[in-house]
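Those sequence lines, one after another, are chains A and B.
Just so it is clear: in the first sequence, position 84 is 979 by this note's numbering, and no numbers are missing.
Just so it is clear: in the second sequence, position 168 is 169 by this note's numbering, and no numbers are missing.
Please read the structure below before turning to the comments.
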Amino acid sequence: MITSDYHGVDVTSPSPQNSGEKQWQFDTRRIGDDLLELSCGGRWCLDQDLPAAEVVMADLGDGLRRLSFNTAQLSAWDTGFPAFLRALFILCAERKVGIEQEGLPEGVRRLLALAAAVPEQETAKRSSIRRGLLFRVGAATIVFLRGGPEMLYFLGEITASFGRLIRGRARFRLSDLWWEIEEVGPRAVVIVSVISFLVGLILAYLGADQLRLVGAQIFIADLVAIGMVREVGALMTGIIIAGRTGAAFAAQLGTMQVNEEIDAFKTLGISPVDFLVLPRMLALMLMVPLLTLYAGFVGMLAGMLVSATIFDIGMFEYYTETLAALELKHFWVGLSKGSVYGAMVAYAGCLRGMQCGRSAEAVGKAATSAVVTGILLITISASLMTIIFYRLGI
Amino acid sequence: MNAAPQIEIRDLTMAYGEVVIQRDLNIVVNKGDIFVIMGGNGCGKTTLMRALVGLQRPAKGTVLYGGEDLWNVEPEQQARLKRRLGIMFQGGALWSSLTLAENVALPLKEYTALSPRHLAEIVSFKLALVGLAGFEEFYPAELSGGMKKRAGLARAMALDPEILVIDEPSSGLDPLTARRLDDLILELRDSLETTIVVITHELASILGIGTNSVFLDTETHTMINTGNPKEAAVSGDPKVRHFLNRGAA
């Protein structure tokens, strides 16, 4: 009964997409009216491109009902072969062509059976519809607008938690608070020193250049003292803390979210805001004003050193000028800004940490977002407070 | 053919600083073995795996693949030896920013020149083998722990490695899925002649698929040769019998 048309595929002809030498061969042979025999030979391994299932199916013609295999010439195979067959079987099923697997090696048949043991989940398939620009802008806007109420809600939760703290009912561990205080305060001293010293130096140079025009270089002391104590000390400290501590808060809380630690608190009836957010808020609100004060002193020290060594202003002269320039209100302004920035950074860090999704990638996003939100909040509150203090004449 | 055994561990000692986890390990794994490294919690199973696959240098001793010393060869040579291994980590260790299909495809893209459509066929076949057909476009974060583990196995066998090292294949899986995974491991050995090293404390897997085994003892910090686990459960060392019979013998 071996008659009918014969299709040989020339395997030595170079194929456009793959210049590597092919080590596999296949032939198709029509047996009778409705049976096609596929002979596979050579190496069918996944270090090379195997034929596409469509090529095999291409010139079958009508009336084909069954497909059988002959693998007598097959010298080697790995999972590339059953992967090819699986694609072929799916195509056959679409065209209602029956499969006769007897000709396949034992191992291939068993692997195919294993792969077919769990049916493909149709519901699992994703609809990868490409949405239009308008749709995406709209969706992004909705997500963005939802952020506002979420931020307010979290602010409310923190306020309620502070209420419980004042009534002595907030549950957190004092040791956690101490640990956080050490982490955000003393451990930040080195970086705050370096940055405030350099900023003080920049201010002194900036002042020297401008004040030389009017021959009043001694006022470098006023500029550096008031600038550092009122504005720049707090601002630089706030930004350092946003990058250093705000990101850390978001990453810590985010990781706890991934590990279901936050859920464990909730199921025990312990407020995660009390236990985790409150000590972090308190630590930053206590430590950032102190760091601000310290940053001011380091900045003034830098100004003094620069003036004495480069601009020939006597140390003592600079010192008395600084004392004359500084009033207590400047310290109050600097300290109040420091506390607000500290609260903003803690708020942004904890908010993004608590909102974190459940994957490693989400933790990274939370940390990034915490820094961005923190710096944004710092800048907004800095401008507001500057305007308010100006109006009040402080 | 190389006459040396596929994997040979000689006088291996693993330690963290001064604390010795396991000492004097001597293990020979032959081609086609399903070799079980078993032991209780904290006995150093995973540490041994890390030494075996080139992640953590042992304090003493050598790991030989076909006679080549993994820890004392040139870096390129070491990379070549490591490429013969497929490793499934305990928690799957899937790359969270890639979909399952991309996770399985990455090693294939790196080391073969397959066309995209052929790549997709192989990836979906590998996922179907571990019972995850149709989950190609999912991200690891969207899967359950057991599914991540199976996807991790699909990635480990992406390149049809000569040796598969599997850390805790069935813990956290339901009995039927665990059984299917055991069947798959047996099938990989039978049809692709893969050598398989399984690190586990799951009795069903140990007794179901192991052909040879060692037991890492937590008290003496060394191993006990146990041979075929099914026989060890009946007539082996008392400690091993105790372990394999859940304390009943």
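Note that beta-carbon positions come from the ideal geometry of N, C-alpha and C, so glycine has one too.
Item	Value
May I ask you to list, following chain order, the residues of the stretch 73 to 92 of chain B that have a beta carbon less than 8 Å from some beta carbon of chain A?	none
For a contact defined as C-beta to C-beta under 8 Å, what are the partners of B:E19 on chain A?	By Cβ distance, chain A contributes nothing, its closest Cβ being about 28 Å from B:E19, past 8 Å.
For the stretch 88 to 99 of chain B against the stretch 159 to 170 of chain B, are there 3 or more C-beta pairs whose distance is under 8 Å?	yes
Mind pulling the chain B residues with CB within less than 7 Å of A:V1013?	G132, A134
Could you please tell me which residues of the stretch 969 to 990 of chain A, in chain order, have their CB closer than 7 Å to any CB of chain B?	D973, T974, G975, P977, A978, F979, R981, A982
Should B:E69 be flagged as near chain A, meaning a C-beta pair shorter than 8 Å?	no
List the DSSP bridge partners of B:T63.	B:R11
Under 8 Å, do A:D973 and B:L193 count as touching if we go by C-beta distance?	yes
Is the shortest distance between the beta-carbon of B:L193 and the beta-carbons of chain A less than 8 Å?	yes
In angstroms, rounded to a whole number, what distance separates the CA positions of B:I186 and A:R1004?	15 Å
Between B:V37 and B:L53, how many whole angstroms is the CB-CB distance? I'm expecting something under 8 Å.	Not a contact, Cβ separation roughly 13 Å.
Candidates A:L941, A:C940, A:L980, A:G993: which alpha carbon is nearest A:L931's?	A:G993
Where DSSP assigns a beta bridge to B:D70, which residues make up the other side?	B:L65
Pull out every residue of the stretch 156 to 173 of chain B whose Cβ sits closer than 8 Å to any Cβ of chain A, in chain order.	M158, L160, D161
Does A:E1256 get closer than 8 Å to chain B when you measure Cβ to Cβ?	yes
State yes or no: is the beta carbon of B:D183 nearer than 8 Å to at least one beta carbon in chain A?	no
How many Å lie between A:S914 and B:I197 at the Cα?	Summary for A:S914: the model assigns pLDDT 41, below 50, so the residue's position carries little reliability; its value from the coordinates is reported in the next sentence. So the alpha carbons of these two residues sit roughly 35 Å apart.
How many Å lie between A:A1103 and A:M1176 at the Cα?	40 Å
Counting only runs of 4+ residues fully inside the stretch 1110 to 1153 of chain A, write out the alpha helix (DSSP H) ranges in chain order.	1115 to 1121, 1128 to 1136, 1142 to 1153
Excluding the 5 residues flanking A:F979 on each side, which residues of the same chain have their C-beta closer than 6 Å to its C-beta?	L945
Can you name, in chain order, every residue of its own chain whose Cβ lies under 7 Å from the Cβ of A:T966, other than the five neighbours on each side?	C935, G998, L999, P1000
With a 10 Å radius around its C-beta and 16 neighbouring C-beta atoms as the bar for buried, classify B:K127 as buried or exposed.	buried
Starting from A:V1038, trace the alpha helix (DSSP H) both ways and give me its first and last residue.	1028 to 1061
Identify the continuous beta strand (DSSP E) that holds A:C935 and give its terminal residues.	930 to 939
Which bits of chain A does B:T113 rub up against, with CB to CB less than 7 Å?	L941, D942
Put A:P909 into one of helix, strand or coil per three-state DSSP.	Legend: pLDDT at A:P909 = 37, less than 50; position of this residue unreliable, no value from coordinates given.
For A:H1225, count neighbouring Cβ atoms within 10 angstroms of its own Cβ and tell me buried if that reaches 16, exposed if not.	buried
What does the alpha-carbon distance come out to for the pair B:E9 and B:V74?	15 Å
Taking A:T923 as part of the beta strand (DSSP E), name the residues at either end of that continuous run.	919 to 926
Can you tell me whether A:R1125 is buried or exposed? The criterion is at least 16 other CB atoms within 10 Å of its CB, across all chains shown.	buried
Return the residue from the list A:I1270, A:V1119, A:V1153 that minimises the CA-CA distance to A:V1094.	A:V1119
Between the stretch 142 to 160 of chain B and the stretch 100 to 107 of chain B, are three or more C-beta pairs nearer than 8 Å?	yes
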